[in-house]
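S.K.: In the working numbering, the protein residues as written are 4 to 258.
Where is the CB? At the ideal position from N, CA and C, for every residue including glycine.
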Amino acid sequence: MNVLTIKGVSIGEGLPKIIVPLMGKTEKQIMNEAEAVKLLEPDIVEWRVDLFEKANDREAVTKMISKLRESLADKLFLFTFRTHKEGGSMEMDESSYIALLEAAVRTKGIDLIDIELFSGDTNVKALVTLAEEHNVYVVMSNHDFEKTPAKDEILSRLRKMQDLGAHIPKMAVMPNDAGDLLTLLDATYTMKTKYANRPFITMSMAATGLISRLSGEVFGSACTFGAGEEASAPGQIPVSELRSVLGILHKHIRE
4 MNVLTIKGVS IGEGLPKIIV PLMGKTEKQI MNEAEAVKLL EPDIVEWRVD LFEKANDREA
64 VTKMISKLRE SLADKLFLFT FRTHKEGGSM EMDESSYIAL LEAAVRTKGI DLIDIELFSG
124 DTNVKALVTL AEEHNVYVVM SNHDFEKTPA KDEILSRLRK MQDLGAHIPK MAVMPNDAGD
184 LLTLLDATYT MKTKYANRPF ITMSMAATGL ISRLSGEVFG SACTFGAGEE ASAPGQIPVS
244 ELRSVLGILH KHIRE
């Protein structure tokens with residue numbers, strides 16, 4: 004699995020990199036949250052744009068990107084609009100979603116952008132090309148908040164993301180029991196050892212899936228999400244606790 008280095012952050016080696024989401028609804032909330040999150044020293048800050056009260060206003064979104072870029076300085080900045088069908092907070096039609104992502108890429112104020120796998124292959128390929136033209140890296144994602152697909156299906160989706168040009172494939176699933184957690188971990192390890200030629204992210208959500216957020220260095224997931232002022236998905240724990248456990252595992256894995 005190749006390592007991806009962006010602004011000195013090497014994704015795909017050593018400790019899983021910590022991503023912390025900004026979950027505010029208003030400009031003031033988001034900017035205050037950004038200042039608080041910086042103190043947690045995450046590797047990547049994610050702006051969850053679907054929670055922003057003006058997410059339908061592309062001009063307002065691009066202005067917020069500029070303000071966040073200034074606030075975050077050299078911190079890696081991931082732009083994410085999570086669609087409603089994949090657990091997001093706002094309904095947006097496909098064409099508006101694509102146009103929003105295009106506008107975000109063109110600002111050149113972001114380092115990474117989340118593109119959902121099931122947005123149509125033609126749309127996804129065009130967005131990946133546009134992102135690469137503007138030196139923006141693509142986190143290609145799929146989220147299942149109802150179940151954990153079979154191992155082969157998880158692998159199929161991750162491999163398709165690679166084929167479509169994702170720099171970092173990402174898949175999140177919901178476990179109904181510990182067996183589902185094992186399915187996700189098994190798929191992760193198989194992806195790492197047999198198919199991955201770039202870093203990727205997997206997670207099993209909710210309390211049952213917490214182990215998957217902690218054990219990426221063992222099974223292969225290159226990043227993990229920690230809660231800042233608010234969690235963006237079930238099962239996220241505070242950054243301080245997350246970093247502590249990751250550090251303990253890293254120390255003893257390498258002994």
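Would you check if there are 3 or more beta carbon pairs closer than 8 Å linking the segment 202–216 to the segment 172–181?
M.R.: Yes, since at least three Cβ pairs between the segment 202–216 and the segment 172–181 fall closer than 8 Å, the two stretches touch.
S.K.: Less than 8 Å between the CB atoms is what I'm expecting for residue 175 and residue 206, so what's the real figure, rounded?
M.R.: Confirmed, about 5 Å.
S.K.: Does the Cβ of residue 104 have 16 or more other Cβ atoms within 10 Å, making it buried, or fewer, making it exposed?
M.R.: Counting Cβ neighbours within 10 Å, residue 104 comes out buried, since at least 16 surround it.
S.K.: Check residue 124 in the structure and name its three-state DSSP category.
M.R.: Correct three-state label for residue 124: helix.
S.K.: Buried or exposed: residue 119, going by 16 or more other Cβ atoms within 10 Å of its Cβ?
M.R.: Per the 10 Å Cβ criterion, buried.
S.K.: So the beta strand (DSSP E) residue 146 belongs to, where does it begin and stop?
M.R.: Note, residue 146: beta strand (DSSP E), 140–147.
S.K.: Go to residue 249, then tell me how far its alpha helix (DSSP H) extends in each direction, as first and last residue.
M.R.: Element bounds for residue 249: 242–256.
S.K.: Which residue comes first and which comes last in the alpha helix (DSSP H) that contains residue 177?
M.R.: It is not in any alpha helix (DSSP H) - residue 177 carries neither H nor E in the DSSP assignment.
S.K.: Around the C-beta of residue 227, are 16 or more other C-beta atoms found within 10 angstroms, so that it is buried, or is it exposed?
M.R.: It counts as buried.
S.K.: Residue 83 to residue 224, Cα distance in whole Å?
M.R.: In a straight line, the C-alpha of residue 83 is about 19 Å away from that of residue 224.
S.K.: Just to confirm, are residue 56 and residue 28 a CB contact at a threshold of 8 Å?
M.R.: Their beta carbons are under 8 Å apart, which means residue 56 touches residue 28 by this criterion.
S.K.: When you compare the CB positions of residue 123 and residue 72, do they come within less than 8 Å of one another, or not?
M.R.: Contact flag unset, no.
S.K.: Check whether the Cβ atoms of residue 37 and residue 48 lie closer than 8 Å to each other.
M.R.: Yes. Within cutoff.
S.K.: Hey, out of 221, 170 and 168, whose CA is closest to residue 190's CA?
M.R.: Cα-wise, what sits closest to residue 190 is 221.
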